[in-house]
Structures are given as C-alpha cells and as structure tokens.
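Structure, as structure tokens:
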Amino acid sequence: MVVWTDFERTTIQDIFSKINYAVVGQAAFSRCLIVYPWTQRYFGQFGNLYNAAAIASNPKVAAHGKVIMEALEKAVKDMDNIKATYAELSALHSEKLQVDPDNFMLLGDCLTIVVASQLGKNFTAEVHAAFQKFLAVVVSSLRRQYY
Amino acid sequence: MSLTEKDKAAVKALWAKVSKVVDTVGGEALGRMLLVYPQTKTYFSHWPDLTPGSEPVMVHGKLILGGVTEAVSKIDNLSGGLLELSELHAFKLRVDPSNFKILAQSFMVVIATMFPKDFTPETHVAFDKFLAAVALGLSEKYR
C-alpha cells in the first residue's frame, strides 16, 4: 500500500495541472528515443527516427508522447489505486508490446529532466523526490503483470 | 558507447557554463540524490546532517564536482586518467557502481533546472555518455 503525504499528493497534482501534455509528452518521449536509442526498437512503425532532428519533428512521436501523458494522468487522478489502474496496461506492455521493463525508468528519467527544465528552481529537491516516488510507483505497477 | 568528437565538444561546452556555478551544483546534486534516492544515504551514516543544503553535503558536493571537472579535462582518456580516484572508490569507499548512475541522473536534473535551454536532447545524450564513461573509469580498479 503506497502512503502519500499531503505534500506529495499536492505536488503531483500541481505538476500535472501546470504542464501541457502535448508539449511535455513530445519532449520527454523524443528525448528518450534520442538519449537511449535502443528504445527505438519498439517503434519500428513510427517512420523516420534516423537522427535527433528527425525524431524531434516526427508527428507519430509527438502523438505518442501525448498518449503517454494522458495515461499518466490516470494515475494522478487516482493516486491510491495506481496498481489497479495500470493492471491492463501492464499486461499489454508485457504480453503484446513485449517491452523490457527496465526501459520504463529510462522514459521516467527523461520526463523528470523535461519537467525540471520547465519548472526550473521550482523543481526543488523535495518536489523532485515526490515526482520520483510517483514515477517509481507507476513503474512498479507497470512491471506487476510481467511473468 | 564511446565518446565521439561531437560528444566531447558538447560536454566541454556545457561544462564551460556549469563550472561557473561549480560551488553550488555539486552540493545541490548530492543533496538531491540523498533525498530522492534514500538508499544512497547508507554511504554517509557518519555525517551529522544529510539534509539538502547542509554543510557536509555542500562541502562534499563541491569535492565531487571537482572530480567531474578533472574528468572533463581528461576526457580523452577516462579509463587511464581516473586511476587514483578509482582506487579510492574501489578500496576505501566501496560504492556499489550502480550508484554512479543515480548521482549522474541527479546531476543532470540540477543542470536541467539551471540551464534548460542548453540541456538539449543532443547535449543530454553526450553528457549521459560522458558520465557513464566516468563511472566506468571509477569502476576500473574494482576487481
């Protein structure tokens, strides 16, 4: 059972209310494909991922970035039930998409960098810790259905 | 994943900016790491105060950043140039090498908050590769 402090709850709600899902999603997902290029293995159908410029301007990448943020929002809206919220998505990533779960935190780390860039000094150590905890719970829930 | 000339140029360009605030970046990164990844506190049980911004954290952060600055100057030979530091980490400190990645991420988050326009995806990948190469250099003497 995850126990959230009031600070952690408000921090997560606050971050997600401030960020633009299309912008942040595109930035985080494209960054992941650029910084950790082996993650491109799951996106063969996305067209041109040949270099950073191609990735940054790829419309399928942008669209998928937004999909990811909207999926994260589900967890933000029900922070006490993240495990249940992601049961189906976990099975999907394991059985259909066959994503190595070690990749989840690579995307998480890129999302953290993007959010940090946006919030600047407001992304304090305490806010960062709350965000990391949230991502850890999300990743753990996504890993749950792997066997 | 060795560093290309383009990577090295990107790292040096970024470091030129970061080194201007070298006194705070190291301490901030270390303090953040101890808070965000609490398992890392196990290496500092001998310190009176592990909170971000405290004296031991800021002093030690500055020391670590000095090490990274040294690594930037030895960017063409990290496995050979960090032997002394590697011996320190291998035989005295005995830090599990998985923690190097954790500190690296903490560093990069601090850099992203301070230099968002400079920490582009291209600079990020170059710097991530560089820190991974430093970690490898530090692990050289482990076994």
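Protein chains in written order, with the numbering used here: chain L, 1 to 147; chain C, 148 to 290. Cβ atoms here follow ideal geometry from the backbone N, Cα and C, with glycine treated the same way. Small disclaimer: the values here were computed from a predicted structure and weren't measured.
Could you give the distance in angstroms between the alpha-carbon of residue i and the alpha-carbon of residue j?
i: Gln98(L); j: Thr39(L); result: 12 Å
i: Leu89(L); j: Val139(L); result: 11 Å
i: Ser226(C); j: Gly65(L); result: 37 Å
i: Thr151(C); j: Gly173(C); result: 26 Å
i: Glu8(L); j: Lys121(L); result: 18 Å
i: Arg179(C); j: Lys248(C); result: 14 Å
i: Ser17(L); j: Thr10(L); result: 10 Å
i: Met148(C); j: Ser94(L); result: 28 Å
i: Ala237(C); j: Lys167(C); result: 30 Å
i: Thr267(C); j: Val2(L); result: 34 Å
i: Phe70(L); j: Leu278(C); result: Note on identity: in this sequence residue 70(L) is Glu, with Phe being the wrong assignment. Their backbone Cα atoms lie some 32 Å apart in a straight line.
i: Gln252(C); j: Lys96(L); result: 30 Å
i: Asn224(C); j: Glu287(C); result: 12 Å
i: Gln191(L); j: Pro37(L); result: Only positions 1 to 147 of chain L appear in this structure, which leaves residue 191(L) out of reach.
i: Lys209(C); j: Gly200(C); result: 12 Å
i: Lys239(C); j: Thr216(C); result: 22 Å
i: Asp78(L); j: Phe131(L); result: 15 Å
Taking C-beta to C-beta, are residue i and residue j nearer than 7 Å?
i: Leu142(L); j: Phe104(L); result: yes
i: Phe254(C); j: Ala176(C); result: yes
i: Leu212(C); j: Val242(C); result: no
i: Cys32(L); j: Leu106(L); result: yes
i: Thr187(C); j: Leu181(C); result: yes
i: Ile19(L); j: Ile34(L); result: no
i: Leu230(C); j: Gly214(C); result: no
i: Lys153(C); j: Phe262(C); result: no
i: Ala259(C); j: Ala63(L); result: no
i: Val24(L); j: Val114(L); result: yes
i: Val183(C); j: Phe274(C); result: no
i: Phe134(L); j: Ile12(L); result: yes
i: Leu92(L); j: Ala28(L); result: no
i: Asp196(C); j: Pro185(C); result: no
i: Trp162(C); j: Val206(C); result: no
i: Pro101(L); j: Tyr42(L); result: no
Output the boundary residues of the alpha helix (DSSP H) element that contains residue i.
i: Tyr90(L); result: The question names Tyr, but residue 90(L) is Ser in the sequence shown. 87-91 is the extent of the alpha helix (DSSP H) around Ser90(L).
i: Tyr21(L); result: 21-35
i: Val183(C); result: 169-183
i: Trp162(C); result: 152-165
i: Gly208(C); result: 202-220
i: Pro268(C); result: 268-286
i: Gly228(C); result: 225-228
i: Gly108(L); result: 102-119
i: Asp14(L); result: 6-18
i: Asn246(C); result: 245-261
i: Arg143(L); result: 125-143
i: Val61(L); result: 59-77
Around the Cβ of residue i, are there at least 16 other Cβ atoms within 10 angstroms (buried) or fewer (exposed)?
i: Leu72(L); result: buried
i: Met45(L); result: For the sequence presented, residue 45(L) should be read as Gln rather than Met. Exposed, because fewer than 16 other Cβ atoms sit within 10 Å of the Cβ of Gln45(L).
i: His128(L); result: buried
i: Val67(L); result: exposed
i: Val256(C); result: buried
i: Tyr86(L); result: buried
i: His271(C); result: buried
i: Ala52(L); result: buried
i: Asp109(L); result: buried
i: Ala156(C); result: exposed
i: Asn81(L); result: exposed
i: Ser30(L); result: buried
i: Gly284(C); result: buried
i: Ala84(L); result: exposed
i: Lys264(C); result: exposed
Whose Cβ in chain D lies nearer than 8 Å to the Cβ of residue i?
i: Thr187(C); result: The structure shown contains no chain D; the protein chains it does contain are L and C.
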